[in-house]
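**Q**
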């Protein structure tokens, strides 16, 4: 049973890590809820062992949320679709936007 819990957590963690790295789609709160549930299912000893990975994914999810807000703000001050703009243009625009 323990091996299965560890396997489920690891698989979920790796999936979320791949989503974050490839950025084909975004990490969501729903992903995080699943990982949190699997993490809490682990015995305390294993939670300590996997805490670093868990905390890293939490940071990644927060980063994605922050980026979404940033892009939404950027869109308000832009007449271009940010997804069509070059990365350089987006960076320049983000620097000129004041909050």
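In the UniProt record's numbering, the protein residues as written are 1 to 99.
Ideal Cβ positions, reconstructed from N, Cα and C, are used throughout, including at glycine.
Note that the coordinates shown come from a computational prediction; the quantities given were computed from them, not determined experimentally.
List the whole-angstrom C-beta distance separating residue 5 from residue 42, where the pair is believed to meet the contact cut-off of C-beta under 8 Å.
**A** Their Cβ separation, rounded to whole angstroms, is 6 Å, which keeps residue 5 and residue 42 in contact under 8 Å.
**Q** Closest by CA to residue 68, which one among 56, 25, 48 and 44?
**A** Nearest option by C-alpha distance: 25.
**Q** Use the C-beta contact count for residue 27: other C-beta atoms within 10 angstroms, 16 or more gives buried, fewer gives exposed.
**A** So residue 27 ends up on the buried side.
**Q** Expressed to the nearest angstrom, what Euclidean distance is found between the alpha-carbon atoms of residue 53 and residue 17?
**A** Spanning the two alpha carbons is a distance of roughly 10 Å.
**Q** Round the Cβ separation of residue 60 and residue 20 to the nearest angstrom and send it over; I've been treating them as touching at under 8 Å.
**A** Yes, they are in contact, since the Cβ atoms of residue 60 and residue 20 sit about 5 Å apart, within 8 Å.
**Q** So which of 73, 3, 10 and 1 has the shortest CA-CA distance to residue 50?
**A** Residue 10 is the option with its Cα nearest to residue 50.
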